[in-house]
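**Student:**
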Amino acid sequence: MTNEKLLTFLWQLARDYAMKLSSNDRLRPDMVAAARGGDASQAMDGEADPKSASMEQALYWRKIYREILTMEEKVMERIQDLMTTQSAQARREVELTNVPVVAAQAERFRQRLGFWTARVRELE
Numbered sequence: 004m005t006n007e008k009l010l011t012f013l014w015q016l017a018r019d020y021a022m023k024l025s026s027n028d029r030l031r032p033d034m035v036a037a038a039r040g041g042d043a044s045q046a047m048d049g050e051a052d053p054k055s056a057s058m059e060q061a062l063y064w065r066k067i068y069r070e071i072l073t074m075e076e077k078v079m080e081r082i083q084d085l086m087t088t089q090s091a092q093a094r095r096e097v098e099l100t101n102v103p104v105v106a107a108q109a110e111r112f113r114q115r116l117g118f119w120t121a122r123v124r125e126l127e
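FYI, the numbering used here numbers position 86 of the sequence shown as 89, with every residue one higher than the one before it.
(1) Considering Pro103, what are the terminal residues of the alpha helix (DSSP H) in which it resides?
(2) So which of Lys54, Gln114, Ile67, Met58 has the shortest CA-CA distance to Asp48?
(3) Please say whether Gly41 and Ala91 have beta carbons closer to each other than 8 Å?
(4) With a CB to CB cut of under 7 Å and the five nearest residues on each side skipped, what residues in its chain are close to Arg111?
(5) Just confirm the distance between the C-beta atoms of Ile71 and Val105, as a whole number of angstroms; I'd bet it's less than 8 Å.
(6) Roughly how many whole angstroms lie between the Cα atoms of Val2 and Thr87?
(7) How should Arg95 be labelled, buried or exposed, when 16 other C-beta atoms within 10 angstroms of its C-beta is the threshold for buried?
(8) If you follow the alpha helix (DSSP H) that Thr73 is part of, which residue opens it and which one closes it?
(9) What distance in whole Å lies between the Cβ atoms of Leu116 and Arg65, which are believed to be in contact at a cut-off of 8 Å?
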C-alpha cells in the first residue's frame, strides 16, 4: 500500500472513530488536533488565496506543501516502524492518538498541495 493510500485509509478510520465518540470524548486534545489537521480549508499563516494568487505565490506555496507532505509521510513511516516493536496495548494507543493526527495533517497538506498545483496549471 502506498503512503498516500495508507494515510487516506488511516485518516478515514480516525474520522469514523471520532464521529462515534461521545461529545466529552471529542474534546480530547488529540482528536481536536486530528480534526483541525484534516481541515483542508485551514491555510497557513500568511498563505495567499489560491484563487487569486500570482504564479510566484503559487509556486512558492506548492513547494512549501510538498516539503511538509514529504515530512509527514516520513513521520508516518517512522511511526509504523516503531509500532512493530510495541506491545499490542501501546500500539493501539498510538493508533488512536498519534496516527490520526499525523494522517489528518498529511491529508490536509495533500489537499492544500492540490489547490496550489491546480493554480500553477491554471496560470501556465
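Idealized CB from N, CA, C, for every residue including glycine.
**Tutor:** This is what the structure holds:
(1) 101-126
(2) Ile67
(3) no
(4) Gly40, Gly41, Asp42, Ala43, Gln45
(5) Ile71 to Val105, Cβ: 12 Å. No contact.
(6) Nothing about residue 2 can be read from this structure; the chain reaches only from 4 to 127.
(7) exposed
(8) 58-86
(9) 6 Å
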